[in-house]
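K.L.:
Sharing a structure here in structure tokens format.
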Amino acid sequence: MTDETLKTMVADVASSYFEHSHVSPDDIAAVISTIASSLAAVTTGGGVTPQKEEGQSSPKPVVGIRASVRPDSVACLLCGQRHKTLRRHLRTAHDLEPRQYRELFGLKPGYPITAPAYSEARSALAKELGLGHRAAAAKAKGKGANGRKARPPSSAAPTPTE
Ligand SMILES: [Zn+2]
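So that you can map any letter, position 21 of the sequence shown is 481 in our numbering, and since no number is skipped, the others follow by simple counting.
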């Protein structure tokens, strides 16, 4: 049901109503708004669409919600673009916050805005960096004890002095 259709219907109903009744000009607005809200209630609540939808029409996802999530990317349900994270895309391309985006499509709180592999990679990277720090520190210590020789730790070379 488009706004245009609704307007036409309101106009039709109103004109036939005004033809048969004496409405004072002051009441015309009230009559029309009554007709409009009755029609709107009928057309949106009348079971035209079997799915439960809030009054305003929500956009249809261009990608299936399930298909939109891949380990390495998440597709924007509004335009189908794939991104590692939709956060920035939603803001720049659609002027939406992730919360509004979820509401728009009725997405579950668990629906990833950021590709699962990407967030995993990031936490893995963070871990690696943390470990790297420790490894580097250990290496530095070893270097100090062994002089300035750089040897891979797995080297099977015989220890020169012990
Ligand atoms: Zn998009």
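Glycine included, each C-beta is placed from N, C-alpha and C at the ideal position.
Quantities reported herein were computed from a predicted structural model and do not represent experimental measurements.
1) Using only CA atoms, which one of Lys587, Tyr561 and Val529 lies nearest to Lys520?
2) Return yes when at least one heavy atom of ligand 1 lies under 7 Å from the C-beta of Gln541, else no.
3) Closest by CA to Ala471, which one among Asp486, Ser497 and Ser484?
4) To the nearest angstrom, how far is it from the Cα of Ala553 to the Cα of Pro531?
5) Distance, Cα to Cα, Pro510 vs Glu588?
6) Should Ala527 be listed as close to ligand 1, given that the test is whether its C-beta is under 7 Å from any heavy atom?
7) Can you find a heavy atom of ligand 1 that lies under 7 Å from the Cβ of Leu538?
8) Between which two residues does the alpha helix (DSSP H) holding Ser457 run?
9) Rounded to a whole number of angstroms, what is the C-alpha to C-alpha distance between Thr574 and Leu564?
10) Just to confirm the assignment, what range does the alpha helix (DSSP H) spanning Ala535 have?
11) Identify every residue that forms a DSSP beta bridge with Thr545.
12) So, at 7 Å on beta carbons, what are the nonlocal neighbours of Pro576 in its own chain, with the 5 sequence-adjacent residues on each side left out?
13) Could you name the residues of the same chain whose beta carbon sits closer than 7 Å to that of Val491, not counting the 5 residues immediately before and after it, in chain order?
14) Go ahead and label His549 buried or exposed: buried means 16 or more other beta carbons lie within 10 angstroms of its beta carbon, across all protein chains shown.
15) Roughly how far, in whole angstroms, is the beta-carbon of His543 from the beta-carbon of Val529, given that I think they are within contact range, below 8 Å?
16) Who does Arg530 pair with in a DSSP beta bridge?
P.N.:
Here's the rundown:
1) Of the listed residues, the one whose Cα sits closest to Lys520 is Tyr561.
2) Look at Gln541: its beta carbon is less than 7 Å from one of the heavy atoms in ligand 1.
3) Cα-wise, what sits closest to Ala471 is Ser497.
4) Rounded to whole angstroms, the gap between the alpha carbons of Ala553 and Pro531 is 23 Å.
5) Only weak support exists for where Pro510 lies, its pLDDT of 45 falling under 50; the coordinates are left without a value.
6) Flag unset: Cβ of Ala527 not near ligand 1.
7) Checking every heavy atom of ligand 1 against the Cβ of Leu538, one is found closer than 7 Å.
8) Lying outside 461 to 622, the shown extent of the chain, residue 457 is not represented and no answer is given.
9) The alpha-carbon separation between Thr574 and Leu564 amounts to approximately 17 Å.
10) For Ala535, there is no enclosing alpha helix (DSSP H); the enclosing beta strand (DSSP E) covers residues Ser533 to Ala535.
11) Answer is Thr574, bridged to Thr545.
12) Answer for Pro576: Pro531, listed in chain order.
13) Correct list, in chain order: Ala474, Tyr477 and Val483.
14) Buried: at least 16 other Cβ atoms inside 10 Å.
15) Incorrect: roughly 12 Å between the Cβ atoms, too far for contact.
16) According to DSSP, Arg530 bridges with Ser533.
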